[in-house]
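In UniProt numbering, the protein residues as written are 1 to 413.
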């Protein structure tokens with residue numbers, strides 16, 4: 001449900017800010033330098049014309065305003081007040097903590113603080129509601145005067161929306177586009193290494209093609225992929241510019257990069273064959289697989305090549321028929337299901353509760369997996385839950401032999 005964000009504009013600073021960045025929308029391109037590249041890309045998608053209304057609050061005494069700001073959600077209603085009445089309102093589209101942008105937009109107050117907890121709104125509509133009328137609606141005393149930035153509780157917010165003709169106001173704005181995944185970054189990095197001139201260029205033919213391709217892959221739910229703003233050419237071009245900023249051989253780029261951007265770049269720099277192989281596999285799997293599985297949220301389990309290949313790997317491990325056959329084969333040969341790494345036996349430890357219980361791990365390295373390749377019993381290994389987890393905890397995933405060596409070294413201490 002949406003809530004009312006009450007924002008008085010009584011003092012001189014607030015009145016000036018209202019004129020400068022609410023009545024007069026800012027030009028996003030002018031402030032690109034003070035925005036993280038991913039934030040700039042999000043804002044360009046939300047405001048295609050490059051014009052945006054923006055407001056900010058200082059941290060407040062003991063961080064009080066910061067805590068209120070953290071409660072703001074996309075789709076909340078920002079309501080501005082001044083001169084004894086509500087004067088305008090707009091839907092909140094985005095929020096970001098950006099001290100440098102705030103300093104550039106509004107400077108600093110008399111105590112040296114800036115309005116760094118920022119939110120962006122759509123074009124506000126005029127409101128003319130005296131405080132007594134507002135107080136009556138939300139249940140405040142008749143003479144109440146808003147003194148500071150506040151977030152109304154849901155009951156008061158609902159009362160306001162009903163009274164102002166918006167009774168169904170709830171989640172009216174979509175959540176932000178999801179962060180770039182490892183899979184998507186691999187595909188973007190492949191294009192970057194092939195043609196660095198595409199970085200930052202939303203009209204480059206290959207950037208446009210990659211944008212269309214990313215939108216077609218079954219990495220994210222359909223509700224995101226159908227948005228016009230999702231992985232559009234401008235956003236893809238900016239992501240390539242992130243790689244340029246990391247690249248030691250290239251000057252420039254968008255300096256604000258994510259930890260995952262840097263990690264993927266480091267993993268594949270100088271490994272063009274591995275990158276090409278990963279890209280080819282992702283392109284095939286992304287078109288065929290269903291949308292996200294339960295394991296997509298498990299970052300520790302994700303392989304170097306990303307979610308799509310991890311899904312394929314897990315599918316091969318959990319395909320009911322083959323694991324059952326593998327367990328039967330091992331039981332017939334050894335008489336027990338002991339972990340091939342640590343020799344743990346669930347039946348030995350838990351009795352009947354653990355009878356015939358074990359997990360299967362697909363031993364073939366992720367980078368060597370091919371679409372539609374048949375899995376054999378020899379591709380599977382019997383492991384306990386702990387060892388299975390440890391195999392997948394590092395990138396690249398450890399082999400059975402490598403984890404045995406880790407365990408032996410630890411036991412030898």
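Backbone N, C-alpha and C define an ideal beta-carbon position, used for all residues, glycine too.
* Have a look at residue 132 and residue 201 and give me their C-alpha separation to the nearest angstrom. => Computed Cα separation, rounded: 53 Å.
* Asked: Between the C-alpha atoms of residue 56 and residue 35, what's the straight-line distance to the nearest angstrom?
  -> Straight-line measurement puts the Cα of residue 35 at about 15 Å from the Cα of residue 56.
* How long is the line joining the alpha carbons of residue 244 and residue 250, rounded to whole angstroms? -> When the Cα atoms are used, residue 244 and residue 250 turn out to be separated by approximately 6 Å.
* Asked: What's the call for residue 358, buried or exposed, on a 16-neighbour Cβ count within 10 Å?
  -> Buried is the label assigned to residue 358, since at least 16 other Cβ atoms lie within 10 Å of its Cβ.
* **Rounded C-alpha distance that separates residue 49 from residue 264** => Those two C-alpha atoms are separated by around 32 Å.
* To do: Answer yes if the stretch 74–82 comes into contact with the stretch 115–133, meaning at least three C-beta pairs across the two stretches below 8 Å, and no otherwise.
  => Segments in contact, yes.
* Bridge-paired residues (DSSP) for residue 7 -> Residue pairing from DSSP places residue 7 in a beta bridge opposite 80.
* The beta strand (DSSP E) spanning residue 95 covers which residue range? -> Per DSSP, the unbroken beta strand (DSSP E) holding residue 95 starts and ends at 85–97.
* Quick one: complete beta strand (DSSP E) runs, 3+ long, within the UniProt domain "HNH nuclease" (326–389)? -> Counting only runs of 3 or more residues that sit fully inside the UniProt domain "HNH nuclease" (326–389), the beta strand (DSSP E) segments are 359–362 and 380–383, in chain order.
* To do: List the endpoints of the continuous alpha helix (DSSP H) containing residue 41.
  => Residues 37–46.
* Would you decide whether residue 273 is buried or exposed? Buried here means 16 or more other CB atoms lie within 10 Å of its CB. => With fewer than 16 Cβ atoms within 10 Å of its Cβ, residue 273 is classed as exposed.
* 8 Å CB neighbourhood of residue 337 in its chain, flanking five on each side removed -> 327, 330, 331, 345, 346, 347, 356, 357, 358 and 382.
* **Cα-Cα separation between residue 186 and residue 111, rounded to whole angstroms** => In a straight line, the C-alpha of residue 186 is about 46 Å away from that of residue 111.
* Compare the C-alpha of residue 139 against each of 116, 128 and 163 and name the closest. => Checked all of 116, 128 and 163; the closest Cα to residue 139 is 163.
* To do: Would you tell me roughly how many angstroms separate the C-alpha atoms of residue 389 and residue 283, rounded to the nearest one?
  => Taking the straight line from one Cα to the other gives about 27 Å.
* **Contacts around residue 406, its chain only, beta-carbon distance under 8 Å, and the 5 residues preceding and following it disregarded** => The answer, listed in chain order, is 390 and 398.
* Asked: From this set, 177, 30, 194 and 149, which residue's C-alpha is nearest residue 67's C-alpha?
  -> Considering only alpha carbons, the answer is 149.
* Identity of the residue in 176, 375 and 349 nearest residue 321 by Cα -> Checking every option, the nearest Cα to that of residue 321 belongs to 375.
* Assign residue 235 to one of three DSSP states: helix, strand, or coil. => Note: residue 235 maps to helix in three-state DSSP.
* DSSP state of residue 502 mapped onto helix, strand, coil -> What is shown of the chain runs 1 to 413, which leaves residue 502 out entirely.
* May I ask you to report which of helix, strand or coil DSSP gives residue 15? => The answer is helix: DSSP assigns residue 15 an H, G or I state.
* Beta carbon of residue 97: closer than 8 Å to some heavy atom of the ligand COA? -> The ligand COA is not part of this structure, which contains no ligands at all.
* Could you give the distance in angstroms between the alpha-carbon of residue 129 and the alpha-carbon of residue 58? -> Approximately 26 Å between the Cα atoms of the pair.
* Buried/exposed call for residue 241, threshold 16 Cβ in 10 Å -> Answer is buried; the Cβ neighbour count reaches 16.
* Asked: Under three-state DSSP, which class holds residue 51?
  -> Strand, per DSSP.
* Asked: Under the three-state reduction of DSSP, which class applies to residue 142: helix, strand or coil?
  -> Residue state, collapsed to three classes: coil.
* To do: Take the Cβ of residue 117 as the centre, count every other Cβ of all protein chains shown within 10 Å, and call the residue buried at 16 or more, exposed below.
  => Burial call: buried.
* Asked: How would you write the range of the beta strand (DSSP E) that residue 127 sits in, first residue to last?
  -> It spans 125–130 - the beta strand (DSSP E) in which residue 127 sits, taken as one unbroken run.
* Going by the CB atoms, is the gap between residue 198 and residue 237 shorter than 9 Å? -> With contacts defined by Cβ atoms closer than 9 Å, residue 237 and residue 198 form a contacting pair.
* Just mark residue 41 as buried or exposed, buried being the case when its beta carbon has 16 or more other beta carbons within 10 Å. => So residue 41 ends up on the buried side.
* Asked: What is the rounded straight-line gap between the Cα of residue 172 and the Cα of residue 353?
  -> For residue 172, the pLDDT reaches just 43, beneath the cut-off of 50, and the residue's location in the model is therefore unreliable, although a value from the coordinates is still provided. So the two alpha carbons sit approximately 50 Å from each other.
* Asked: Using a Cβ-Cβ cut-off of 6 Å (strictly less than) and excluding sequence neighbours within five positions of residue 261, which residues of its own chain qualify?
  -> Once the five neighbours on either side are set aside, the close Cβ partners of residue 261 are 242.
* To do: Would you grab the beta carbon distance between residue 189 and residue 268 for me? Rounded to a whole angstrom, and I think it's under 8 Å.
  => Cβ atoms of residue 189 and residue 268 come within 8 Å of each other, at about 6 Å.
* To do: May I ask you to list the residues that DSSP assigns as paired with residue 118?
  => Partner(s): 56 and 96.
* Asked: Roughly how far, in whole angstroms, is the beta-carbon of residue 233 from the beta-carbon of residue 208, given that I think they are within contact range, below 8 Å?
  -> About 5 Å separates the two Cβ atoms, so the contact holds.
* Same chain, Cβ closer than 8 Å to residue 144, neighbours up to 5 away in sequence not counted -> These residues qualify, in order along the chain: 131 and 135.
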